[in-house]
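Written below as structure tokens is the structure these notes are about.
Chains as they are written, first to last, in my numbering: chain P, 1 to 490; chain U, 1001 to 1495; chain S, 2001 to 2095.
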């Protein structure tokens, strides 16, 4: 396998075969060769240099304190704040914005000695399922550049799929890690809501957002998750419960586990190639000793509507701070009101404006009960249905996406784009952990298998995914004509 | 509809119409840090935008974290106002755009506030009045704006300072139970007193840590339906509140007399004009679109939390007034004055604890000390002399070591710089002459030296006695006890 | 359900989004279609069901009343598009 894992790179560093600076440089040049896919918005050279030097010192002077991520290069999504690094959320309205503080999750990676090399492209304010909503151009899928990588963390998925970095950070509000992972044939994990601090994450929907890793193996996903997870006093929604150690869970296999297959997730609307790949994956899990049983989540058909009330409602408030007064784009007008109108009218793209208006409408006087309040009730039903399913099974397995990566421009109708996330967004509504791992190809395009667990059973989800991955080896598949050079210098 | 004189007076208006007034008070809490971040809550005097952090600046990616003490102070206030504390409460987002509101929403409380259904009793002309308290809730303060030329309506630009943004702000909503501007004023005086007493607010109207808005409507006497409500803002003193409400009563009364309808609007009090001015503008109507704050888990305040806060509640003014009357025999009148400011009540109790008789303590505090405190703009607890020094001084008088006049002079002299009264008396020989033999000798001497005055006094002129007393005082350089001297003179002169 | 043009205009104003006439119409159509789909929520029986505002199940998350560090003034104002000395500047608040 020419795309090295975190463990491979860590071993190489410790054997003295390479250095953090060398790895960073190799990643950077690999990313540059991906320019036609447009996955990178900017490089973080100064930060990379500092971090690489720091990691080198740690590895040389106190290697016992160096964790598995020390000296390892990575990229992160343009919604995560780092002090001194331009962060724009893929939007014109934040062009030039430089945060004066570093968020917690990224801060923990920096403390672990990881080396950030680039900021990846994404849908504007994390709103989208194809990375076509970025103000800085769409991203191409490494498997077929004329197709989308998925979204909103399209850039983060693409750079890992192309082998330029061993891991990246993305965010998931309705599927924005899992769906691009599925489209790009890599592992992408959304932790339990509250497991990873949101401090420093430019908010889209506060009760749904989570930060999570992309990598080419579940093992690497687990390493990154362990480094970033855990309570943060700066995030009141982060859980004070201890993070269950993941490492020990990973190799235990699925023998004896009960896995549920949600009937509604395999009903209609799946592309035949997706259905075939997922059914094979389910059969594989049975071979490995798991018992599969059908469960029903009847409110699934209402989940999209629920999500597209709650998420826009929250984002309409979260994005109100983009007003041209303290930071970001400012379109000058004599009156304050006109400044607001022009700045926000010009600074936000169409999808963002749609969602702000949808959310404002759902919260507005006379509509609050029928929309927002109603959606919060259906959300309760959705969460309870998952709870009931988990009384009978240990985890759920199903497709991540009903379709494979589609051509750019193919889903210009907003609603058709929203339908991409039908199988992922219920998981966010219930705050559950969910991962997508590659489970096959359909006409040369990646298909993803989703594993969903009860709240705080992140380790269990990773365990099921790891067992499947190790038995089938789909994660070793690489895009057919990768423009990227390998990240390890020969 | 009768048309009465267009210049109805306040008295004439209130004969026909009943004012219905509800007050909304916002009080900044005396916490160390802001409501949702660690910046200081004590921002007065800080250079612009020097008391901010990513959270209170509302930068992308930040999150609020509740200040536990702010919650406690709010519950403490609610208990002092006899409110119920529901077990479940939460914060909500109140959404609107304004440059002093960094996030584009204020974190406040909408439908599940910390407390409800309380009441406040206070006195108006000796009569007890009770006003309902609808709710006490907690929110964050906004930043401050300065407008070019200082007049918002004409300013072409404004500047924003976010030092104050995020300071904990408690909102106390009163029921519309008030029926006059006097009642409104006394309600505010009592409310402010309570907030200062329980240590949650410093009661400073000028600096804006205690703010008041009013809602006022009029209805024909005897009617039960409410009239159109007008909101009145920008009243920066209790006097302004009273004047503004009286102005509104007259304004609305005259309009109603003429058959006009009252516009439901917000009006601002303009001190210089002695009038309220309509603040209607092209501003679009606010739809606050409240929804539960997703970044903050809800609160469960159980019985033990509430009881702990209740146990820590300091003595309230009314309780103190009753206790001072009971324990120290003060009159209701004196007790009310002594307790008007908590620091005065503390000083009184400290003096009594140091052995000063209650009546003397009250008299000194209400008299000389109040005057000095006013003139020097320095309250006793911040003066150089302090309560301890004052106690020592009064004790010297009570013991007869110095006379009242000497004590007053010493107080004047030592109040600001401080000092040890007993030491000063010793050093300067200011001790009162109290030796009976010495006094008798001086009295005899003055009688001998002032035959005219003696004759006048024996002839019926009381004033003449004072001249003789003055003579003894002069001979002792003011250190005799005037009452004793007067007594001795009378003895000698009246056969 | 048909979303009227003036409703969209009102919502856009509440959200301070300046839209051209053409945009107004385009969004009206798109939002109308989305709302038509979202309206299927009304068919779900939620009698007796409570609202989930947060999935975390947490309560009473708070901090002690302790002072922390402030940003230096320069850092606070570093991203200000319009600045007058140490203040943020805005245009005419009332027309």
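In this text, a Cβ means the ideal position worked out from N, Cα and C, and glycines have one as well.
Residues of chain P with CB closer than 7 angstroms to the CB of residue i, please, in chain order.
i: residue 1095 of chain U; result: 317, 320
i: residue 1013 of chain U; result: In chain order: nothing, as chain P lies at least about 35 angstroms away.
Terminal residues of the continuous alpha helix (DSSP H) containing residue i?
i: residue 1442 of chain U; result: 1436–1449
i: residue 107 of chain P; result: 104–111
i: residue 428 of chain P; result: 425–430
i: residue 2037 of chain S; result: 2021–2038
i: residue 155 of chain P; result: 154–161
i: residue 308 of chain P; result: 300–318
i: residue 1116 of chain U; result: Counting along the chain, residue 1116 of chain U falls outside any alpha helix (DSSP H), though it belongs to the beta strand (DSSP E) covering 1115–1124.
i: residue 2010 of chain S; result: 2005–2014
i: residue 1305 of chain U; result: 1303–1311
i: residue 119 of chain P; result: Where residue 119 of chain P is concerned, there is no enclosing alpha helix (DSSP H), although the beta strand (DSSP E) it sits in stretches over 115–120.
i: residue 183 of chain P; result: 178–184
Sorted by chain position, which residues of the same chain lie with C-beta nearer than 6 angstroms to residue i's C-beta, five sequence neighbours on each side aside?
i: residue 1490 of chain U; result: none
i: residue 1132 of chain U; result: 1119, 1175, 1177
i: residue 1159 of chain U; result: 1146
i: residue 1238 of chain U; result: 1185, 1188
i: residue 1514 of chain U; result: This structure cannot settle anything about residue 1514 of chain U, because the visible part of chain U is limited to 1001 through 1495.
i: residue 457 of chain P; result: none
i: residue 291 of chain P; result: 258
i: residue 980 of chain U; result: Nothing in the structure corresponds to residue 980 of chain U, since chain U is present only between 1001 and 1495.
i: residue 149 of chain P; result: 131, 139, 141, 157, 158, 180, 183, 184
For residue i, which residues in the same chain have their Cβ closer than 7 angstroms to its Cβ, ignoring the five residues on either side in sequence?
i: residue 193 of chain P; result: 210, 431
i: residue 1017 of chain U; result: 1218, 1219, 1220, 1221, 1253, 1256
i: residue 1097 of chain U; result: 1104
i: residue 1155 of chain U; result: 1147, 1148, 1149
i: residue 55 of chain P; result: 20, 70, 71, 113, 115
i: residue 1482 of chain U; result: 1403, 1469, 1473
Name the chain S residues whose beta carbon is nearer than 8 angstroms to that of residue i?
i: residue 1296 of chain U; result: 2061
Which residues in chain P sit within 9 angstroms of residue i, going by Cβ to Cβ distance?
i: residue 1066 of chain U; result: 236
Under 9 angstroms Cβ-Cβ, which residues of chain S neighbour residue i?
i: residue 193 of chain P; result: 2054, 2055, 2056
For residue i, which residues in the same chain have their Cβ closer than 8 angstroms to its Cβ, ignoring the five residues on either side in sequence?
i: residue 274 of chain P; result: 399, 401, 402, 403, 404, 442, 447
List, in order along the chain, the chain U residues whose C-beta lies closer than 7 angstroms to that of residue i?
i: residue 124 of chain P; result: None at all; the shortest Cβ gap to chain U is about 13 angstroms.
i: residue 2050 of chain S; result: Ordered by position in chain U, no residue passes the 7 angstroms Cβ test against residue 2050 of chain S, which lies about 12 angstroms from the chain.
i: residue 101 of chain P; result: 1054
In chain U, what lies closer than 8 angstroms to residue i by C-beta?
i: residue 2008 of chain S; result: Under the 8 angstroms cutoff, chain U gives no residues; its nearest Cβ is about 15 angstroms from residue 2008 of chain S.
i: residue 2065 of chain S; result: 1031, 1032, 1033, 1067, 1068, 1069, 1070
Which residues mark the beginning and the end of the beta strand (DSSP E) in which residue i is found?
i: residue 1145 of chain U; result: 1144–1147
i: residue 1235 of chain U; result: 1230–1235
i: residue 1382 of chain U; result: No beta strand (DSSP E) holds residue 1382 of chain U; DSSP gives it neither H nor E.
i: residue 1021 of chain U; result: 1017–1028
i: residue 1172 of chain U; result: 1168–1174
i: residue 215 of chain P; result: 210–215
Show which residues of chain P have a CB atom less than 8 angstroms away from the CB atom of residue i.
i: residue 2014 of chain S; result: 360, 364
Is it true that the segment 317–329 of chain P meets the segment 2062–2080 of chain S, where meeting means three or more beta-carbon pairs spaced less than 8 angstroms apart?
-> Under the 8 angstroms Cβ criterion, the segment 317–329 of chain P counts as touching the segment 2062–2080 of chain S, having at least three qualifying pairs.
Can you list, in chain order, the stretches of the alpha helix (DSSP H) that have 4 or more residues and sit fully within the segment 339–366 of chain P?
-> Taking 4 residues as the shortest admissible run, the segment 339–366 of chain P contains the following complete alpha helix (DSSP H) segments, listed from N- to C-terminal end: 350–363.
Alpha helix (DSSP H) runs contained entirely in the segment 1468–1493 of chain U, provided each spans 4 or more residues | Whole alpha helix (DSSP H) segments, 4+ residues: 1482–1493.
The segment 137–147 of chain P contacting the segment 208–226 of chain P, beta-carbon criterion three pairs below 8 angstroms = no
Complete beta strand (DSSP E) runs within the segment 253–280 of chain P (minimum length 3 residues, chain order) = 258–262
The segment 340–355 of chain P / the segment 2001–2018 of chain S touching (three or more Cβ pairs under 8 angstroms) = yes
Unbroken alpha helix (DSSP H) runs of length 4 or more, entirely within the segment 1386–1416 of chain U: which are they?
-> 1386–1398, 1404–1414
Taking three-plus beta-carbon pairs below 8 angstroms as touching, is the segment 309–324 of chain P in contact with the segment 1098–1109 of chain U?
-> yes
Indicate whether the contact test is met: 3 or more Cβ pairs, each with one atom in the segment 251–264 of chain P and one in the segment 197–217 of chain P, closer than 8 angstroms.
-> no
Cβ pair count under 8 angstroms reaching 3, the segment 20–28 of chain P against the segment 179–192 of chain P = Contact fails between the segment 20–28 of chain P and the segment 179–192 of chain P, because fewer than three Cβ pairs, one in each stretch, are under 8 angstroms apart.
Please confirm if the segment 1441–1455 of chain U is in contact with the segment 1361–1378 of chain U, defined as three or more CB-CB distances below 8 angstroms between the two stretches.
-> As far as the Cβ criterion goes, the segment 1441–1455 of chain U does not touch the segment 1361–1378 of chain U, which means the pair count is below three.
Can at least three beta-carbon pairs, one atom from the segment 1229–1249 of chain U and one from the segment 1206–1214 of chain U, be found at a separation below 8 angstroms?
-> yes
Touch check for the segment 1159–1171 of chain U and the segment 1048–1066 of chain U: three-plus C-beta pairs under 8 angstroms?
-> Judged by pairs of C-beta atoms under 8 angstroms, the segment 1159–1171 of chain U touches the segment 1048–1066 of chain U, as three or more such pairs exist.
Whole beta strand (DSSP E) runs in the segment 1–35 of chain P with 3 or more residues, listed along the chain?
-> none
Count the CB pairs spanning the segment 467–478 of chain P and the segment 301–321 of chain P that are closer than 8 angstroms, and state whether there are at least three.
-> no
List in chain order: all unbroken beta strand (DSSP E) runs of 3+ residues lying wholly within the segment 1231–1279 of chain U.
-> Secondary structure in the segment 1231–1279 of chain U: the beta strand (DSSP E) runs of 3 residues or longer, each lying completely within the stretch, are 1266–1270, 1275–1278 in chain order.
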